[in-house]
């Protein structure tokens, strides 16, 4: 766990009695209350369909909860309108299983886009992007388009894009789902490094090995409910 | 602010270039729609020219009694010219009428001889009157039937030709109305075709729009580049449509001139090229930008 001790007293993310119901027979989330503090590294565990992705969608405002409230810093996420969401999302960096890079932009441009949306100056962009691409080990591939990159490389571009604007939290939804074990280890190492620099990391995964090796807080979801929440968690089959 | 606008334009141009296939398809469809549009404009010009040339052939003539002096006729001419319905009044004196008759029949000996043997001029002085619009002849004819004029006027040709004139007036009116409706309808169809093409192009980009939103792009930064792409397609298509349609007009022009005398469509096309280009740009850019604006909106909700 990185960052100075006092940071852990600041509640950063707070779910209060949250439910999300698409289908009444099996709610995606039911009565979820949890708190994540600044600087934490939290793994969200559980099998597919347990509610990990729904939790993340509610956190970034892609979906609205059916019941309950979602807080992020000063924002009450469930109340944000579509014109307030862009501003709010600049506090977050998101990494997805399917990378979600812009296909008509190069690696450089994909990473630069996260700064461009904030209206940063071109000079600043030209300076920062190569630094971050270098950090994820892709300095030489900056002019390549996503379809010219391997899965692991694409995911590193996505991480570079997620972290370049120094968000308060990075959310990774099954970031290693499409990668082989070698690239998986690489990506997890990168996330740990980012966490050590003070950024909160939320990692959703169903990979038992990743969770057991991390030895950090694990929130296990099962059928839409919080099943376990342990400070030094292990992957528990439910 | 400037940075945002600059980036929107830059993204628009890059997107247009990198979405090569999609951009080409959009431009191609827009070219077709704009060719329909300019075709409709030229169709309107042709029918209007035809209508005017028919209208020009309609007039009514007033024949004066032989004892009416030229001054009195000119007075009546003056009073007719003051009517708002009257476009043009032409005075033909009895001498002029005789002369016209002689020139018209100079090759027909029997007629010429017969005319020469007359001691008096059998032709009456007349005024031929053209109205602004064909349906106004009735009003003019009513004016001429006023009692104070009956001392001078022998007869008015309108009474004889009334049925024909009225029918022509109705036909002209219908041609104008139908032409206008057709133009409106086909422009609407052309517009909808372009709108749907752009909607499909943006539908195929819906994931990208979602990604931009998740990364935190404002609505303007997401929507702007697509609108710039729409404007580029519209502008290219506007120029291309005129280039493609020019040879068609060049070859069709002589054939149209046969049907409608005095119409040189190609010359009209060249003389009004800038205006036509203006219309094409307005329509092309307008439909491109508006379609993109509307098409992106539904993906900006989440």
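Residue numbers (the working numbering), protein chains in the order written: chain E, 1 to 238; chain G, 1001 to 1302. All C-beta atoms, glycine included, are put in the ideal place defined by N, C-alpha and C.
Reference residue i; option with closest CA among the options
| i | options | result |
| --- | --- | --- |
| residue 1290(G) | 1272(G), 1258(G) and 1224(G) | 1224(G) |
| residue 154(E) | 106(E), 196(E), 165(E) and 181(E) | 106(E) |
| residue 1065(G) | 1249(G), 1186(G), 1276(G) and 1150(G) | 1150(G) |
| residue 1067(G) | 1093(G), 1057(G), 1219(G) and 1271(G) | 1093(G) |
| residue 24(E) | 171(E), 224(E), 229(E) and 228(E) | 224(E) |
| residue 66(E) | 142(E), 50(E), 48(E) and 29(E) | 29(E) |
| residue 169(E) | 90(E), 31(E) and 53(E) | 90(E) |
| residue 157(E) | 114(E), 167(E), 181(E) and 182(E) | 114(E) |
| residue 174(E) | 55(E), 229(E) and 63(E) | 55(E) |
| residue 1218(G) | 74(E), 202(E), 53(E) and 84(E) | 84(E) |
| residue 207(E) | 97(E), 226(E) and 150(E) | 97(E) |
| residue 1053(G) | 1260(G), 1119(G) and 1040(G) | 1260(G) |
| residue 1137(G) | 1238(G), 1060(G), 1247(G) and 1263(G) | 1060(G) |
| residue 161(E) | 102(E), 227(E), 179(E) and 212(E) | 102(E) |
| residue 176(E) | 36(E), 86(E) and 150(E) | 150(E) |
| residue 36(E) | 73(E), 78(E) and 112(E) | 73(E) |
Residue i (DSSP reduced to helix, strand or coil)
| i | result |
| --- | --- |
| residue 7(E) | Legend: pLDDT at residue 7(E) = 48, less than 50; position of this residue unreliable, no value from coordinates given. |
| residue 1268(G) | helix |
| residue 2(E) | Note on residue 2(E): pLDDT 46, under 50, position unreliable in the model; the coordinate value appears next. Three-state result, residue 2(E): coil. |
| residue 1129(G) | strand |
| residue 171(E) | strand |
| residue 221(E) | strand |
| residue 44(E) | strand |
| residue 1286(G) | helix |
| residue 1306(G) | The displayed coordinates of chain G run from 1001 to 1302. Any statement about residue 1306(G) would go beyond what the structure contains. |
| residue 1076(G) | helix |
| residue 1095(G) | helix |
| residue 187(E) | helix |
| residue 1143(G) | helix |
| residue 34(E) | strand |
Own chain, CB closer than 6 Å to residue i, minus 5 neighbours either side, in chain order
| i | result |
| --- | --- |
| residue 7(E) | Residue placement at residue 7(E) cannot be trusted, given a pLDDT of 48 that sits under 50; what the coordinates show is reported in the next sentence. Correct list, in chain order: 38 and 39. |
| residue 1089(G) | 1077, 1080, 1081, 1127 and 1129 |
| residue 1023(G) | 1016 |
| residue 71(E) | 14 |
| residue 20(E) | 28, 29, 54, 65 and 66 |
Cα-Cα separation between residue i and residue j, rounded to whole angstroms
| i | j | result |
| --- | --- | --- |
| residue 18(E) | residue 27(E) | 11 Å |
| residue 1086(G) | residue 1131(G) | 4 Å |
| residue 1046(G) | residue 1273(G) | 16 Å |
| residue 68(E) | residue 1189(G) | 48 Å |
| residue 1200(G) | residue 1177(G) | 35 Å |
| residue 11(E) | residue 120(E) | 29 Å |
| residue 125(E) | residue 110(E) | 12 Å |
| residue 236(E) | residue 220(E) | 8 Å |
| residue 1299(G) | residue 93(E) | 21 Å |
| residue 1245(G) | residue 1035(G) | 7 Å |
| residue 1142(G) | residue 1109(G) | 41 Å |
| residue 1196(G) | residue 1030(G) | 11 Å |
| residue 142(E) | residue 133(E) | 7 Å |
| residue 1205(G) | residue 100(E) | 12 Å |
| residue 171(E) | residue 204(E) | 8 Å |
| residue 1044(G) | residue 1148(G) | 44 Å |
| residue 1099(G) | residue 1257(G) | 32 Å |
| residue 233(E) | residue 76(E) | 29 Å |
| residue 48(E) | residue 1010(G) | 41 Å |
| residue 1285(G) | residue 1192(G) | 14 Å |
| residue 1071(G) | residue 1276(G) | 50 Å |
| residue 146(E) | residue 139(E) | 14 Å |
| residue 1101(G) | residue 1122(G) | 11 Å |
| residue 1163(G) | residue 1194(G) | 46 Å |
| residue 211(E) | residue 123(E) | 40 Å |
| residue 1198(G) | residue 163(E) | 34 Å |
Cβ shell of residue i (< 8 Å), same chain only, five flanking positions each side left out
| i | result |
| --- | --- |
| residue 1249(G) | 1042, 1265, 1266 and 1269 |
| residue 2(E) | Note that residue 2(E) has pLDDT 46, beneath the 50 cutoff, so the model's placement of it is unreliable and the number below is only indicative. Excluding positions up to five away in sequence, the list reads 39, 41, 195, 196, 197 and 198. |
| residue 80(E) | 61 and 88 |
| residue 217(E) | 40, 41, 42, 43, 229, 230, 231, 232 and 233 |
Rounded distance between the beta-carbons of residue j and residue i, thought under 8 Å
| i | j | result |
| --- | --- | --- |
| residue 1083(G) | residue 1140(G) | 7 Å |
| residue 116(E) | residue 1213(G) | The Cβ separation is near 14 Å, so there is no contact. |
| residue 34(E) | residue 229(E) | 7 Å |
| residue 129(E) | residue 112(E) | 5 Å |
Same chain, Cβ closer than 7 Å to residue i, neighbours up to 5 away in sequence not counted
| i | result |
| --- | --- |
| residue 1015(G) | 1225 and 1229 |
| residue 1236(G) | 1027 |
| residue 1105(G) | 1111 and 1112 |
| residue 1134(G) | 1055, 1058, 1165, 1168, 1169 and 1172 |
| residue 1154(G) | 1063, 1064, 1065 and 1124 |
| residue 1175(G) | 1047 and 1051 |
| residue 1227(G) | 1289, 1292 and 1293 |
Check: residue i C-beta below 7 Å from any heavy atom of the ligand NAP
| i | result |
| --- | --- |
| residue 106(E) | Among the components of this structure there are no ligands whatsoever, and the ligand NAP is therefore not found. |
Short CB-CB distance (under 8 Å) between residue i and chain B
| i | result |
| --- | --- |
| residue 102(E) | No chain B appears in this structure, whose protein chains are E and G. |
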